[in-house]
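Visitor: In order, the protein sequence lines correspond to chains A and B.
Each residue of the first sequence is one higher than the one before, counting from 0 in numbering that gives the first Met the number 0.
Each residue of the second sequence is one higher than the one before, counting from 0 in numbering that gives the first Met the number 0.
Glycine included, C-beta positions come from ideal geometry on N, C-alpha and C.
Remember, it's a predicted structure, so these values are computed and weren't measured experimentally.
My questions all concern the structure below.
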Amino acid sequence: MQEHDLSYVRMEMINAREAPLRERGFVRWFRVNLFATPLDTVMTLLGLLFVAYFLPPVIRWALIDAVWSGPDRSVCATVAQGGIQPDGWSGACWAFVNAKFSQFMYGRYPVFERWRVDLTAVMFVALLVPLLVPRVPYKLWNALAFFVVLPLVAYFLLVGGAFGLPYVSTTLWGGLLVTMVLSFVGITVSLPMGILLALGRRSKMPVVKMICVIFIETVRGVPLVTVLFMASVMLPLFMPTGVTFDRFLRALVGVALFASAYMAEVIRGGLQAIPKGQYEGASSLGLGYWQSMGLIVMPQAIKLVIPGIVNTFIGLFKDTSLVYIIGMFDLLGIVRQNFADANWVSPQTPMSGLIFAGFVFWIFCFGMSRYSIYMERRLDTGHKS
Amino acid sequence: MKTVIKGILGSAALAVVATGASASTLEEVRSKGYVQCGVHTGLIGFAAPNDDGEFEGFDVDVCRAVAAAIFGDGDAVQYTPTNATERFTALQSGEIDMLSRNTTWTLSRDTSLGFNFAGVNYYDGQGFMINSANLEGINSALQLSGAAICVQTGTTTELNLADYFRANNMEYNPVVFQGFDETNAAYEAGRCDAYTTDQSGLIALRLTLANPDDHVVLPEIISKEPLGPAVRQGDDEWFNVVRWTLMAMVQAEESGITQDNLEEMMASDNPEIRRILGQEADSSIGAGLGLDNEWVVNIVREVGNYGEVFDRHLAPIGVPRGLNALWTDGGLMYAMPLR
């Protein structure tokens, strides 16, 4: 016999009823996210109007009316402009990008030697990917290969002149190749240099401190454009005739020094955020200066300023376009240079080329940005209140 | 400030020229096996990379012709793309052997910058273009008083514009941009009433306009812009090679020697043609220049005569021969006798 034999007491739980329609599914999502208040409703409607007004012409221009391939400018110009398209036509000229694609990637690197660039790129990706994925083991060896072996191998591969590879002058380099090499060198040099400069600036030794302060403040006080310009226009005049610095080297040095100075200030921000107790704790364990910095302070400081570091990297990646000043052509530079090709000049060419260049830049910058968010989450130890 | 910089550049240039005179550019070029040639970073018709990334254009062919004259191979050239400011330093410092970059031959460039202009390969002049759809009834630059005018900064164009309006007691608002693309975009968007640059540039500009037929070039030519290749002062041997390469291209057109009929011409009975092409038994046509006797043959075979080069690069974008026709056709292209 059951303990409660009362007919008015339910023996089993009633199943929960479904929430009312307005509290679930996409109806709720819409109500909460788009139409929660009258102001939200107005903003949503305005946003929709905006999209409805701008999106169709953009899609029409970029995809539907676009020209994807063709031999020359005629496919991208209307009859009145000397082409074959009907009058009033307006569409993206992806045919231009298509025809110039290899140039946008390699610049004027000799066609038969381009495998060297490809090989370098493959090695770069093959070493970068395992370095970025935390689960993959052997990080130390991987980092050593990426930051020490790869640059050496890449130098001999890309420049040549040894091991039976023909010499390829850096004046022939261009496009994404230049953008990638400049940013890679800038990034790999600037982080360690920045750390050293930041430590130097907080050092108690007056000479070290002064040197670091002067370096950082001088470099931050002068625009990169000015330095590149001086390096390309004035420097050669002070050299004996025939002695010329490689233009690319000038750009590399300039970009690396600049990034280092900015990086130093970012890292210093992180160092200042570390409570004094951490330094004292490190000292009380009997750690020396380098040990306490390397094991206790720096890991915490760097973790704090990941967004700032990646911000500097992204800025550096985009700043590489400034090498246009010294007659080198990064991705943007080579796209713009090709606007002058009489074979392709048309009213649609510049816009199409610039959108392509912007898209490639966006892919890289967005990738860096997402990875930094991932890293921040992973390294989050819950100290943020 | 500007004068200070100019002073520094000038004195530095002198120092460089003083040392530059000792080395022979021709020997240097021979030993390295190619001509290092400064060209424009990208100018429609004059210098631009083609689909394969090779530089092509009217100015580029001057470099190729010099290489052909020396090596018999028009491809023995390395190009250094230079912008408006660094072109002069590049030449002064010896980074390039010659500058073939749409550069106006002026007194100050010839003297204080320490260059020698080897000749003129294109006679240009500055003009104005307006959008006739917006400005009806304007048919002379003298009616442009008070107009907003798009102009590229850092060029002689900007200075000529100022001179012209001041000389005619007219007001104008300069709308200044750094590069060709920005200037075009601003003009196309209607930010200025008129656009001023060299005639060749105005013609190239039409290719980038949505409604090219609305735009008219006004008849006034307000400046002389003789464009030509330059070399460092003080190396006459090298200067001669570049100068006579230009002469040979013009002479070849005048004598009717083309890439197609070169073989026939070499076997011609005409003594003048035989002499130019170095086909006489006792020929010494290249000796004075330190070149092979068939140097003109090499130029025509690799690059073509002046007219062919013009037809290849400038005629397709709509540039008329105009002043650049041969003197026999009423133009200014006149080669000194090759003998």
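Can you tell me which of the three DSSP states A:VAL31 falls into?
Guide: DSSP places A:VAL31 in helix when its eight states are reduced to three.
Visitor: For B:CYS36, which residues does DSSP report across the bridge?
Guide: B:TYR78 and B:MET97.
Visitor: Under 8 angstroms by Cβ, that's how I've got A:LEU236 and B:THR88 pegged, so tell me the actual separation to the nearest angstrom.
Guide: With 8 angstroms as the limit, A:LEU236 and B:THR88 qualify as a contact, their Cβ atoms being about 6 angstroms apart.
Visitor: Please confirm whether B:GLY303 and B:GLN232 have their CB atoms less than 7 angstroms apart.
Guide: Their beta carbons are not under 7 angstroms apart, which means B:GLY303 does not touch B:GLN232 by this criterion.
Visitor: Check B:ARG231 in the structure and name its three-state DSSP category.
Guide: Looking at B:ARG231 - three-state DSSP - the assignment turns out to be strand.
Visitor: Decide if the region 135-149 of chain B is in contact with the region 186-194 of chain B; the criterion is three or more beta carbon pairs, one per stretch, under 8 angstroms apart.
Guide: Segments in contact, yes.
Visitor: Can you give the Cα-Cα distance for B:ARG273 and B:TRP294, rounded to whole angstroms?
Guide: Approximately 13 angstroms between the Cα atoms of the pair.
Visitor: Quick one: is A:PHE19 near chain B, going by C-beta distance under 7 angstroms?
Guide: Note on residue identity: the sequence assigns Pro, not Phe, to residue 19 of chain A. Closer than 7 angstroms: no.
Visitor: Would A:LEU126 pass as a contact of A:PHE145 if the rule is Cβ separation under 7 angstroms?
Guide: A contact, by the Cβ cut-off of 7 angstroms.
Visitor: For the beta strand (DSSP E) containing B:PHE176, name the first residue and the last one.
Guide: Note, B:PHE176: beta strand (DSSP E), 171-176.
Visitor: Is any beta-carbon of chain B found at less than 7 angstroms from that of A:GLY174?
Guide: Not closer than 7 angstroms to any Cβ of chain B, the Cβ of A:GLY174 fails to qualify, so no.
Visitor: I'd like to know if the region 315-333 of chain B and the region 284-299 of chain B are in contact, where contact means that at least 3 CB-CB pairs between them fall below 8 angstroms.
Guide: Contact fails: fewer than three Cβ-Cβ distances are below 8 angstroms.
Visitor: Name the chain B residues that come within less than 9 angstroms of A:MET229, Cβ to Cβ?
Guide: Within 9 angstroms Cβ-Cβ: nothing; A:MET229 doesn't reach chain B, min ~11 angstroms.
Visitor: Is DSSP giving B:TRP243 helix, strand or coil here?
Guide: Looking at B:TRP243 - three-state DSSP - the assignment turns out to be helix.
Visitor: By how many angstroms is the C-alpha of A:TRP172 removed from the C-alpha of A:ARG72?
Guide: Each residue's Cα considered, the two are about 26 angstroms apart.
Visitor: Using a Cβ-Cβ cut-off of 7 angstroms, state whether B:PRO211 counts as contacting chain A.
Guide: With 7 angstroms as the cut-off, B:PRO211 counts as an interface residue toward chain A.
Visitor: What is the residue span of the beta strand (DSSP E) that A:ALA79 lies within?
Guide: Looking at the DSSP string, A:ALA79 is not in any beta strand (DSSP E), and its letter there is neither H nor E.
Visitor: Taking 8 angstroms as the cut-off, does the region 130-146 of chain B touch the region 211-226 of chain B (at least 3 CB pairs, one atom from each stretch)?
Guide: The region 211-226 of chain B vs the region 130-146 of chain B: in contact.
Visitor: Please give the ranges of any alpha helix (DSSP H) in the region 96-155 of chain A, keeping only runs that are unbroken, at least 4 residues long and fully inside the region.
Guide: Those alpha helix (DSSP H) runs which fall completely within the region 96-155 of chain A and span 4+ residues are 113-131 and 138-143.
Visitor: Check the C-beta distance from A:ARG30 over to A:ARG23 and give it rounded, since I have them as a contact under 8 angstroms.
Guide: So it is not a contact: roughly 10 angstroms between Cβ atoms.
Visitor: Since B:ILE43 meets chain A, which of its residues come closer than 7 angstroms, beta carbon to beta carbon?
Guide: By Cβ distance, chain A contributes ALA339, ALA341 and VAL344.
Visitor: For A:ALA79, which residues in chain B fall below 7 angstroms Cβ to Cβ?
Guide: Here the neighbours are ASN210, PRO211 and ASP212.
Visitor: Consider the Cβ of B:THR182: report whether some Cβ of chain A lies at a distance smaller than 7 angstroms.
Guide: For B:THR182, the answer is no, since every Cβ of chain A falls outside 7 angstroms of its Cβ.
Visitor: Hey, does B:PHE50 have any beta-carbon neighbour from chain A nearer than 7 angstroms?
Guide: Note on residue identity: the sequence assigns Asp, not Phe, to residue 50 of chain B. Yes, B:ASP50 counts as interfacial toward chain A.
Visitor: Exposed or buried, what is B:PHE57 when buried is set at 16 or more other beta-carbons lying within 10 Å of its beta-carbon?
Guide: Buried is the call here.
Visitor: Mapping the DSSP letters down to three states, classify B:SER21 as helix, strand or coil.
Guide: Any answer about B:SER21 is weak, because its pLDDT of 49 lies below 50 and its placement is not dependable; what the coordinates show is given next. Here B:SER21 sits in coil by DSSP.
Visitor: Starting from A:LEU236, trace the alpha helix (DSSP H) both ways and give me its first and last residue.
Guide: From DSSP, the alpha helix (DSSP H) with A:LEU236 extends over 234-237.
Visitor: Could you give the DSSP three-state label for B:MET0: helix, strand or coil?
Guide: The predicted model places B:MET0 with a pLDDT of 40, which falls under 50 and marks its position as unreliable; any figure quoted below should be read in that light. B:MET0: coil per DSSP, three-state reduction.
Visitor: Taking 6 angstroms as the cut-off, is the beta-carbon of A:VAL344 closer than that to any non-hydrogen atom of the ligand COA?
Guide: For the ligand COA, the structure offers nothing, since it holds no ligand at all.
Visitor: For B:ARG300 and B:ILE43, I'd like the C-alpha separation in whole angstroms.
Guide: Distance between the alpha carbons of B:ARG300 and B:ILE43: 25 angstroms.
Visitor: Under 9 angstroms Cβ-Cβ, which residues of chain B neighbour A:ARG249?
Guide: Within chain B, no residue comes near A:ARG249; the closest Cβ sits about 12 angstroms away, beyond 9 angstroms.
Visitor: What number of angstroms, rounded off, separates the C-alpha of A:ALA91 from the C-alpha of B:CYS62?
Guide: Cα to Cα, the separation comes out at about 35 angstroms.
Visitor: Report yes or no: is there a C-beta of chain A within less than 7 angstroms of the C-beta of B:LYS196?
Guide: What sits at residue 196 of chain B in the sequence shown is Thr, not Lys. B:THR196 does not count as touching chain A.
Visitor: Please report the distance separating the alpha-carbon of A:PRO165 from that of B:ASN269.
Guide: Distance between the alpha carbons of A:PRO165 and B:ASN269 is about 46 angstroms.
Visitor: List, in order along the chain, the chain A residues whose C-beta lies closer than 8 angstroms to that of B:THR81?
Guide: Neighbours of B:THR81 on chain A, chain order: GLY326.
Visitor: Excluding the 5 residues flanking B:ALA185 on each side, which residues of the same chain have their C-beta closer than 7 angstroms to its C-beta?
Guide: For B:ALA185, where only same-chain residues beyond five positions count, the Cβ hits under 7 angstroms are CYS149, VAL174, PHE176 and CYS191.
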